[in-house]
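Q: Quick one: this structure, given as structure tokens, is what I'll be asking you about.
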Amino acid sequence: MSEDDDAESETADDGDTATDEPTPVGVKLGSTRTVIAIPDGSGGLRTVKTLTCLATYEDAITGEERVLYGEEAAREYPDRVQYTLRSGLPEDEDRAELTATFFESVIEANDVPEDSAVVYAIPTIDNEEGLANLESVIEGSSIGEALIRSYPESLCGAVPALGDELEAVDDIFVTVNLGSTNLEAAAYRRGEQLAPFTTGAVTGNEVDRMIANYVEEETQGRVNIDTTTAREYKEEHADFVDFEPFTDIIQQPGGGSHEFTIERSVMDAVDEYVDEAVEEIANAFLPELANDYIKVYQLALDQPIVLTGGMTCIPGIVEEFEERLSEELQRDVEAVAPDDPSLSAAVGAQRIAERLVDADAY
Ligand SMILES: Nc1ncnc2c1ncn2[C@@H]1O[C@H](COP(=O)(O)OP(=O)(O)O)[C@@H](O)[C@H]1O
Ligand SMILES: [Mg+2]
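The opening position of the sequence shown corresponds to residue 1 in full-length UniProt numbering, with each subsequent residue numbered one higher.
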């Protein structure tokens with residue numbers, strides 16, 4: 001298959017297109033996962049996707065501090081793994097420094113070229129200090145020697161849903177980003193963001209907390225799971241098209257194990273999530289957009305609404321959202337999503353970087 005490690009490492013010096021142009025790279029530093037999109041040297045993209053977490057440990061021989069990141073860190077050091085962007089942005093200098101250490105480790109391990117033009121997909125959150133901390137991570141990193149730019153994550157994420165190139169930037173549309181820490185919505189008019197809306201009340205993280213609570217209820221208090229396990233249940237089993245009950249086993253504190261089946265907890269939580277998301281869009285975001293930009297509102301609602309963000313990965317969620325929003329608004333609206341919503345912000349950012357390189361913007 002094409003996922004051959006050796007083949008990937010050859011792309012560093014792809015001989016056929018030897019130019020001095022920097023490599024266009026797209027990056028999304030997300031609260032749950034970080035994604036990087038890099039040209040693979042043969043016209044396609046190579047994507048790196050990892051949990052945004054790290055753990056440090058002491059080298060058993062030299063005593064030096066070592067860094068482990070991503071799935072490996074989460075699996076091997078559950079006791080001290082740190083999710084450095086848990087709230088969406090680095091809250092303070094310590095978090096910023098940890099995020100920088102994490103990011104540099106990912107860059108190094110995946111040969112992300114330093115001679116690059118890098119576009120970052122950034123959340124729309126009104127938190128100056130957090131944004132400044134994120135900027136310090138971005139500016140301090142070893143990549144992006146030629147150029148560093150930031151664009152809203154919801155615009156970047158919508159790009160792959162609206163065409164093979166940058167059609168989204170010539171369009172008028174509404175987009176809704178279903179993320180871990182926020183629900184974001186905005187209209188875009190030829191790349192200009194209008195009526196940005198953010199709420200921390202309807203989130204993937206909240207769904208994980210609900211799943212953990214519902215599992216306790218569904219098992220009559222016999223099973224307590226943490227939110228990481230709840231997230232894994234959601235990512236593996238949530239499905240509006242054909243959900244199937246599943247079983248899991250926990251080790252009892254006193255020894256022995258307990259097997260249990262989950263029938264309702266996951267789908268009850270995601271079902272409430274979709275209702276709440278529709279409610280926010282229909283009754284908070286869209287009225288504001290209509291109030292400020294009535295023409296844009298009308299034009300945009302005649303187009304499909306673009307859903308992005310990791311929660312959009314749940315099978316059937318786009319159709320559920322479309323149906324429930326149509327009902328709430330009492331008019332037909334359509335919804336679409338990119339092929340892989342978990343990668344689309346980085347892929348869209350990469351296309352913008354490519355355009356900037358082509359335009360000699362560096
Ligand atoms: N395959 C999947 N199925 C269900 N939920 C998913 C899937 N992949 C990611 N998610 C959820 O999407 C959220 C992360 O979305 P993302 O847009 O990456 O968030 P952020 O920008 O806040 O980091 C998390 O709640 C995560 O569990
Ligand atoms: Mg996000």
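Even glycine gets a Cβ: it sits at the ideal position worked out from N, Cα and C.
On a predicted model such as this, the values are computed, not experimentally measured, just so you know.
Between Ser87, Val159 and Ala132, which lies nearest to Pro341 when the distance is taken from Cα to Cα?
A: The residue labelled residue 341 in the question sits at position 341 within the sequence shown. Ranked by Cα distance from Pro341, the first of Ser87, Val159 and Ala132 is Val159.
Q: Since Gly157 contacts Gly309 with CB under 8 Å, what's their CB separation in whole angstroms?
A: For the purposes of this step, residue 157 is taken as the residue at position 157 of the sequence shown. For the purposes of this step, residue 309 is taken as the residue at position 309 of the sequence shown. So it is a contact: roughly 7 Å between Cβ atoms.
Q: Would you report the Cα separation of Leu183 and Thr312, rounded to the nearest angstrom?
A: Along the sequence shown, one-based indexing puts residue 183 at 183. Along the sequence shown, one-based indexing puts residue 312 at 312. Straight through space, the alpha carbons of Thr312 and Leu183 are spaced by roughly 11 Å.
Q: Helix, strand or coil, according to DSSP, for Ile249 in the structure here?
A: To locate residue 249, count along the sequence shown from 1; it is residue 249. Secondary structure of Ile249 (DSSP, three-state): strand.
Q: Let's test the definition: count the other Cβ atoms within 10 Å of the Cβ of Met1 and tell me whether it reaches 16, buried, or not, exposed.
A: Locating residue 1 in the sequence shown gives position 1, where the first residue counts as 1. At Met1, the pLDDT of 38 sits below 50, so the modelled position is not reliable; the number obtained from the coordinates is stated separately. Exposed, because fewer than 16 other Cβ atoms sit within 10 Å of the Cβ of Met1.
Q: Under the rule that 16 or more other beta-carbon atoms within 10 Å means buried, what is His237, buried or exposed?
A: Residue numbering aside, residue 237 sits at position 237 when the sequence shown is read from its first letter. Label assigned to His237: buried.
Q: Thinking C-beta only, is Leu356 closer than 8 Å to Leu147?
A: Translated into positions along the sequence shown, residue 147 becomes position 147. Translated into positions along the sequence shown, residue 356 becomes position 356. Result yes, Cβ atoms of Leu147 and Leu356 sit closer than 8 Å.
Q: What three-state label does DSSP hand Phe173 in the structure shown?
A: Your numbering for residue 173 matches position 173 in the sequence shown. The answer is strand: DSSP assigns Phe173 an E or B state.
Q: Would DSSP call Arg149 helix, strand or coil?
A: Stepping through the sequence shown from its first residue, residue 149 is reached at position 149. It is a strand residue.
Q: Does the count of Cβ pairs from the stretch 50-64 and the stretch 81-93 closer than 8 Å reach three?
A: yes
Q: At what residue ranges does the stretch 87-114 contain a whole run of the beta strand (DSSP E), taking only runs of 3 or more?
A: none
Q: Within a Cβ cutoff of 6 Å, which residues of the same chain sit near Leu329, ignoring the five residues on either side of it in sequence?
A: What you label residue 329 is simply residue 329 of the sequence shown in a count that begins at 1. Cβ-Cβ distances below 6 Å link Leu329 to Ala282 in the same chain, with the five nearest sequence neighbours on each side left out; the list follows chain order.
Q: May I ask which residues mark the beginning and end of the alpha helix (DSSP H) holding Ser265?
A: Taking the first residue of the sequence shown as position 1, residue 265 is located at position 265. Taken as a continuous stretch (DSSP letters only), the alpha helix (DSSP H) holding Ser265 covers Ser265 to Glu280.
Q: Please work out which residues of its chain come closer than 6 Å, Cβ to Cβ, to Glu145, disregarding the five sequence neighbours upstream and downstream, and give them in chain order.
A: Here residue 145 refers to the residue found at position 145 when the sequence shown is read from its first residue. For Glu145, the CB contacts under 6 Å within the same chain, skipping 5 residues up- and downstream, are Glu114 and Asp115 in chain order.
Q: Can you give me the C-alpha to C-alpha distance between Thr124 and Ala345, rounded to a whole angstrom?
A: Locating residue 124 in the sequence shown gives position 124, where the first residue counts as 1. Locating residue 345 in the sequence shown gives position 345, where the first residue counts as 1. Their backbone Cα atoms lie some 13 Å apart in a straight line.
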